[in-house]
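Note sheet for the following structure.
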Amino acid sequence: MRGLVLAAASVAAMVLAGPASAQSPIVIKFSHVVASNTPKGAAAEKFKELAEKYTDGKVKVEIYPNSTLYKDKEELEALQLGAVQMLAPSNSKFGPIGVREFEVFDLPYILPDLATLRKVTDGPLGAKLLKLLEPKGMIGLAYWDNGFKEMTANKKLITPEDYKGLKFRIQSSKVLEAQFRALGSIPQVMAFGEVYQALQTGVVDGQENTTSNIYTQKMHEVQKYMTMTNHGYIGYVVVVNKKFWEGLPTDIRTQCEKAMKEATAFGNGQSVKENDDALAEIRKSGKTEIDTLTPEQDAAMRRAMEPVYKDVASRVGQPLIDEFIKETGGASH
Ligand code: LMR
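Take 29 as the starting number for the sequence shown in the working numbering and just add one per residue.
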C-alpha cells in the first residue's frame, strides 16, 4: 500500500513537474525591465521564437517586458526562488545578490568599443565571471549587448563642474555610485521602471543610459539635455534558474542552448543599429538638445572619473580590474 502511495505520488510529481508531457509545454518565464523594441527586448523575442521552434513547441517562452512582472531587484529574487526561469539583468545589477565582480564592466571608459568588449565576454574572463553565479542558484548563459551610455539632465552637461550637486539616478552598482561621486553629484539607486517618473517629477535631475533605453522610456521628453559621452557600457548577463535548467531533459536543454546562441548573435548583431535608430528618433523629436564634447572636454571628463578605479579597487578587486584591462589589450581609459 505504502509502495502504491509512493508510486502514485511520484507519478503525480512527474505530471506536476511535467517536463516531458506532450500536452503541457515546459514554460520558461522570461522577465525583463526594458521595452520590447530595444536590444534586450529583441534578443528575448528571438530566443522565444527559436526555442519554441527547435523544441517543436515542447518549450513555451513567456516574455514579461517593461517591468510588468518584476522590477530590478525583485526579478533576481524571483529567479532565485524559481518564480521565473530566465532574466537578463545588466552587469550593474548583481551586487545586491552578492556578486560584485560584474561591476568591473561599469568602470568609466574601460571599454573603447564593442569589439574590445567581446574579447572579455568571449574569453576566459567572461567564462570565469559566469561561474560566480552558480553558487547563487543561477547559470549565466550568455552576454547580451545594449551599448554605450550617454548623460541626460535638465542642465547642460559639458564640463565635470556641470555635474556638481546634481542628483543622478543610478543602477545598483557601487562603481556607478563612485563615478557620480567623483563628479561631485549625488547618486541615487533606483529601479529602471521608476526612472521616467523620477525625472518628470524632479526626484532626480538626471541619469545615464543608452539611447535605446532613453527613447523607449521617453526620458528625452522630460530631460532638456543629452550629452554624447559614451563613458560607460550597458550589457546583460542572461541568467536561468540552475535547478530548472539542470532538470530539463537533455535534448530540450540542448535545443534551448542552440536557440540562445543564435539569439545572442542576432541581438548583438543589431544592438548598434537599435541605439542609432533611437538616437535619430530622439533628434527628430526635438525635445532634447543633443550635445557632443570636444576632445579637450572629453579628456576632462576622463580625468575627472579616473579616481573611480582606485575608489572601487577593494570592492571589485584590483586583480580582476588588471585582468580585465589586460584582456582588453589595455586600449581603454
Ligand atoms: C538600467 O537600469 O538603466 C538598465 O540596466 C535597464 C536595462 O535593463 O537596460
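All C-beta atoms in this analysis are idealised placements derived from N, C-alpha and C, irrespective of residue type, glycine included. Keep in mind the model is a prediction, meaning the values are calculated, not measured.
Contact between Leu115 and Val267 holds, with the beta-carbon distance rounding to 5 Å and staying under 8 Å. With a cutoff of 8 Å on beta-carbon distance, Asn296 and Ser240 are scored as not near each other. Comparing C-alpha distances from Lys99 to each of Asn237, Val61, Gln113 and Glu73 shows the shortest one belongs to Val61.
A distance criterion of 7 Å places the beta-carbon of Lys68 in contact range of the ligand LMR, judged by its closest non-hydrogen atom. The Cβ atoms of Ala111 and Ala287 lie no closer than 8 Å to each other. The DSSP-derived three-state label of Asp319 is strand. In the DSSP annotation of this structure, Ser59 is not part of any alpha helix (DSSP H); the continuous beta strand (DSSP E) holding it starts and ends at Ile54 to Ser59.
Not one heavy atom of the ligand LMR lies closer than 7 Å to the C-beta of Val268. Between Pro117 and Leu104, the CB-CB gap stays under 8 Å.
Within the same chain, Cβ atoms closer than 7 Å to the Cβ of Thr320 are found at Met256, the five residues on either side in sequence being excluded. Between Ser200 and Lys121 a beta carbon distance of about 6 Å is seen, short of the 8 Å cut, so the two are scored as contacting. The bridge partners DSSP lists for Leu115 are Ser59 and Val267. Residue environment analysis places Ser299 among the buried positions, since at least 16 neighbouring C-beta atoms fall within 10 angstroms of its C-beta. Counting the other CB atoms within 10 Å of its CB gives Glu274 a total below 16, which places it among the exposed residues. Put simply, of Ile56, Glu178 and Ala219 the residue whose alpha carbon is nearest the alpha carbon of Asn303 is Glu178. Distances taken from the Cβ of Asn237 to the heavy atoms of the ligand LMR include one shorter than 7 Å. Between the ligand LMR and the CB of Ile262, the shortest heavy atom gap is smaller than 7 Å.
In terms of Cβ geometry, Met254 and Ile318 form a close pair [threshold 8 Å].
Beta-bridge pairing by DSSP links Thr180 to Gln235 and Met254. Sorting Ala170, Tyr191 and Trp172 by C-alpha distance to the C-alpha of Thr180 places Tyr191 at the top. Contact between the segment 340-354 and the segment 200-211 is present: 3 or more CB-CB pairs across the two stretches fall below 8 Å. Remark: the C-beta of Ser118 is in contact range of the ligand LMR, defined as less than 7 Å to any heavy atom. When secondary structure is reduced to three states using DSSP, Gln216 falls in the strand class.
Short note on Phe133: C-beta not closer than 7 Å to any heavy atom of the ligand LMR.
Around Leu161, the same chain offers Val127, Ile167, Gly168 and Val267 as residues with beta carbons nearer than 7 Å, after the five sequence neighbours per side are excluded. The straight-line gap separating the alpha-carbon atoms of Thr83 and Gln108 is approximately 25 Å.
For His248, same chain residues with a beta-carbon under 8 Å away, outside a window of 5 residues either side, are Thr180, Ile242, Met254, Ile310, Ser313, Lys315 and Thr316 in chain order.
Shown here, Val87 sits in a strand according to DSSP, grouped into three states. Annotation for Phe196: no alpha helix (DSSP H) segment contains it, though the beta strand (DSSP E) segment containing it runs Lys195 to Ile198. In this structure, the beta-carbon distance from Glu90 to Phe130 does not fall below 8 Å.
Ranked by Cα distance from Glu351, the options Lys101, Gly151, Lys88 and Val55 are led by Gly151.
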